[in-house]
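Everything in the sequence shown is counted per my numbering, starting at 447 for the first residue and increasing by one.
By construction, the Cβ of each residue, glycine as well, lies at the ideal position given by its N, Cα and C atoms.
Model, not experiment: these values are computed from the prediction.
Here the structure comes first, spelled out in structure tokens, and everything after it is commentary.
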Amino acid sequence: MGSREEKSAVESQSFAGQAVATRDAYGAALTELGKRNEKIVVLDADLSGSTKTAKFAKAFPDRFFNMGISEQDMVGTAGGLSLAGKIPFASTFAIFETGRAWEQIRQTICYSRLNVKLVATHAGITVGEDGASHQALEDVALMRVLPEMVVIVPSDGFETKQVIDTIADYKGPVYVRLGRAKVPAVMPADYKFRIGKAYKFHIGRDVNIIANGIMVSAALQARELLSKEGIDAGVINMSTVKPLDTEILLDAAKNTELIVTAEEHSIIGGLGGAVAEFLSEYHPIPVKRIGTRDTFGGSGKPDELLKLYGLTAEDIVKTIKLALGS
């Protein structure tokens, strides 16, 4: 009885102030959502233990579908369920969801603007020891290019829970990118997620850092380090990559001399690409992109890989100081 009560408490928490893996927050949020909405159905490609959809499967076995190692079938079936009035959440590792099933996502889901939620876990190099074959560094680019697709990269467990609740009410295709490793809590307790709206921690005089996912924590650490050297750095959590919050981006660009983007993704086609594309057309300003650079990942501990690929607070500081000539 005691353990059951403890599990229920964990599942209903908001995750505010807690360091958790965003995939864990997803599993708990999805289960809570299932209790409130009988239209929610969940599909997985034989990875429910890792994606944490197994929690939903245990609570609602008649609304959970293990599609096996068949991502294309999973996406097509999710589309069919949406046409039957259900709200499907389809999950697997990011590399398999966006890679193997890209054509089905394009032709079946986006072209018909079906109400399917693609929530992928194990994105980025913090997948760790599984190595390059399992580390999606291109998934945001693959999803961002698709018409009708909303693309979201939550920064912590608290934001992830709000994202899952929000997209359940949104009508249309959504891609949510989640990670394997625990991430620090960064969002304040009064934060309210909205699709297409970034969160401004601070607008800096010297530089503004536009980040998402695990890199929001690194950006906040970098801001503290820079402040000790007299550099005023702003930080913005751009968790929705598409549609981009162009209003806050313009404000950040007009009030500083440098924009730096930070993401656990290739600098090609992701957050850095989206920001650079917009600013080059509407408010040209120097932009430095921090992310992986036209390369595959590698096997190693998450922290080691973040250092190896230049995705730490110290790397952000170094990039900014070089750009500002400090």
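What does the alpha-carbon distance come out to for the pair residue i and residue j?
i: E760; j: G680; result: 16 Å
i: D508; j: L752; result: 40 Å
i: S726; j: L696; result: 11 Å
i: E484; j: R651; result: 49 Å
i: A722; j: G744; result: 27 Å
i: I649; j: A698; result: 6 Å
i: V586; j: G715; result: 7 Å
i: T765; j: S673; result: 15 Å
i: K628; j: P732; result: 33 Å
i: A530; j: V562; result: 12 Å
i: Q581; j: Y637; result: 30 Å
i: I555; j: M595; result: 9 Å
i: G526; j: I677; result: 53 Å
i: L493; j: V653; result: 41 Å
i: T499; j: D490; result: 7 Å
i: A467; j: T606; result: 10 Å
i: R669; j: K643; result: 22 Å
i: A465; j: A471; result: 10 Å
i: I533; j: F510; result: 12 Å
i: G473; j: Y728; result: 40 Å
i: A505; j: T477; result: 7 Å
Check this for me: beta carbons of residue i and residue j, under 7 Å apart or not?
i: E584; j: S685; result: no
i: E543; j: A566; result: yes
i: G480; j: F502; result: yes
i: E709; j: L717; result: yes
i: I610; j: A475; result: yes
i: G625; j: T572; result: yes
i: I720; j: V687; result: Correcting the residue type first, residue 720 is Ala in the shown sequence and not Ile. Yes, the pair counts as a contact, with Cβ atoms nearer than the cut-off.
i: L704; j: A769; result: yes
i: F724; j: T702; result: no
i: R559; j: L592; result: no
i: G522; j: P748; result: no
What does a CB cutoff of less than 6 Å around residue i pick up in its chain, not counting 5 residues either side in sequence?
i: S454; result: The pLDDT assigned to S454 is 38, lower than 50, so where the model puts this residue is not dependable, and the model offers no usable value.
i: Q518; result: A547, Q550
i: V620; result: K563, V596, I613
i: M520; result: L489, A491, M513, A536
i: E452; result: Unreliable positioning characterises E452 in this predicted model, as indicated by a pLDDT of 32, which lies under 50. A coordinate reading is not provided.
i: R735; result: T707, I713, G718
i: R608; result: The residue asked about is misnamed: residue 608 is Gln in this sequence, not Arg. Excluding positions up to five away in sequence, the list reads F639.
Thinking residue i and residue j are a contact (beta carbons under 8 Å), I'd like their distance in whole angstroms, please.
i: S601; j: M633; result: 6 Å
i: A547; j: R623; result: In fact, because the Cβ distance is near 15 Å, the residues do not count as touching under 8 Å.
i: G603; j: A635; result: In fact, because the Cβ distance is near 13 Å, the residues do not count as touching under 8 Å.
Output needed for residue i: all residues of its chain with C-beta closer than 7 Å, excluding positions within five of it in sequence on either side, in chain order.
i: K646; result: I682, I694
i: L588; result: T544, W548
i: A524; result: L489, P534, A536, V562
Within a Cβ cutoff of 8 Å, which residues of the same chain sit near residue i, ignoring the five residues on either side of it in sequence?
i: I515; result: A491, D492
i: F742; result: A578, Q581, L583
Using a Cβ cut-off of 7 Å (strictly closer), state whether residue i contacts chain C.
i: E760; result: Structure shown: chain C not included; a single protein chain is present.
Ranges of the alpha helix (DSSP H) found wholly within the region 562-623, counting only runs of at least 4: 585-590, 603-615
Beta strand (DSSP E) runs contained entirely in the region 523-556, provided each spans 3 or more residues: 533-537
4-residue-minimum alpha helix (DSSP H) runs that sit fully inside the region 696-738, ordered along the chain: 717-728
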